[in-house]
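Per the working numbering, residue 36 is the first one in the sequence shown, and the count goes up by one each step. In this text, a Cβ means the ideal position worked out from N, Cα and C, and glycines have one as well. Model, not experiment: these values are computed from the prediction.
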Amino acid sequence: MSVLEFSNNGLIDSLTRTPAPAIFLSELSREFAGTRRNKQSLTILSLRSSDPESITEHQIIAMSKSIQASLRQGEFFSRISEDGYWIGLRGDSTSAKNLLMRILTDNAHTQWSTSVTESAQYQSFNELISAIDKAHFPIS
Numbered sequence: 036m037s038v039l040e041f042s043n044n045g046l047i048d049s050l051t052r053t054p055a056p057a058i059f060l061s062e063l064s065r066e067f068a069g070t071r072r073n074k075q076s077l078t079i080l081s082l083r084s085s086d087p088e089s090i091t092e093h094q095i096i097a098m099s100k101s102i103q104a105s106l107r108q109g110e111f112f113s114r115i116s117e118d119g120y121w122i123g124l125r126g127d128s129t130s131a132k133n134l135l136m137r138i139l140t141d142n143a144h145t146q147w148s149t150s151v152t153e154s155a156q157y158q159s160f161n162e163l164i165s166a167i168d169k170a171h172f173p174i175s
């Protein structure tokens, strides 16, 4: 794998200038609680390079900009790994797939693995995070 910068100051990722994972997880926790109270759907879209050996910093930054430009009010994201992002949105898997199409329009030249996790089937926030982790960081 090429060496990619992956560090943050607790608030912002140093390469992409996106919110740090801790900020994302804090917002995700709030959204999880809110959607539970209001009986709404919360979905997490995971994007990760299909070819981590050849992904470049330029492609990571381009994806970050594309995600940022594609988000609507109430949607949030973070660079969660060297070569990937998590995006939180209110709505179901259809909403996530629509968002994915908006994002990939500008990044069709780079291959991304995706997964969608809906919060409704998980009883606790920790169970949700575990499911997203398993989808984003599959065991080889």
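Out of the options, which one is the CA nearest neighbour of residue i?
i: ARG125; options: ALA57, THR140, GLU66 and SER116; result: GLU66
i: ALA104; options: PRO54, ASN161, ILE138 and ARG71; result: ILE138
i: ALA97; options: THR53, THR129 and ILE58; result: THR53
i: SER128; options: SER81, PRO56 and ASN44; result: SER81
i: PRO87; options: GLN158, ILE47, LEU163 and GLN146; result: GLN146
Take the Cβ of residue i as the centre, count every other Cβ of all protein chains shown within 10 Å, and call the residue buried at 16 or more, exposed below.
i: HIS93; result: exposed
i: ASN161; result: exposed
i: THR140; result: exposed
i: GLY109; result: exposed
i: LEU134; result: buried
i: SER99; result: buried
i: ALA68; result: exposed
i: SER165; result: exposed
i: SER85; result: exposed
In terms of residue numbering, what span does the beta strand (DSSP E) encompassing residue i cover?
i: ARG114; result: 111 to 116
i: GLU153; result: 147 to 153
i: LEU124; result: 119 to 125
The alpha helix (DSSP H) spanning residue i covers which residue range?
i: GLU62; result: 56 to 72
i: ARG163; result: A quick correction: the sequence has Leu, not Arg, at residue 163. Taken as a continuous stretch (DSSP letters only), the alpha helix (DSSP H) holding LEU163 covers 160 to 171.
For residue i, which residues of its own chain have a beta-carbon under 7 Å away from its beta-carbon, when the five flanking residues on both sides are left out?
i: GLU40; result: SER49, LEU50 and GLU92
i: ALA155; result: SER76
Considering only DSSP beta bridges, list what residue i is partnered with.
i: LEU139; result: According to DSSP, which records beta bridges pairwise, LEU139 is partnered with nothing at all.
i: LEU77; result: ARG125
i: ILE47; result: PRO54
i: LEU39; result: For LEU39, which the question treats as bridged, DSSP gives no partner whatsoever.
i: SER101; result: The partner list for SER101 (beta bridge, DSSP) is empty, contrary to what the question assumes.
i: SER84; result: TRP147
At least one CB of chain B closer than 7 Å to the CB of residue i: is that the case?
i: SER128; result: The question asks about chain B, but that chain is absent: this structure has only one protein chain.
Going by beta carbon distance, what residues of the same chain come within less than 8 Å of residue i, once the five residues before and after it are set aside?
i: PRO173; result: none
i: ALA55; result: ASN43, ASN44, GLY45, LEU46, ILE47, ASP48 and SER113
Leaving out the 5 sequence neighbours to the left and right, which residues in its chain are closer than 6 Å to residue i when beta-carbon positions are compared?
i: SER42; result: SER49
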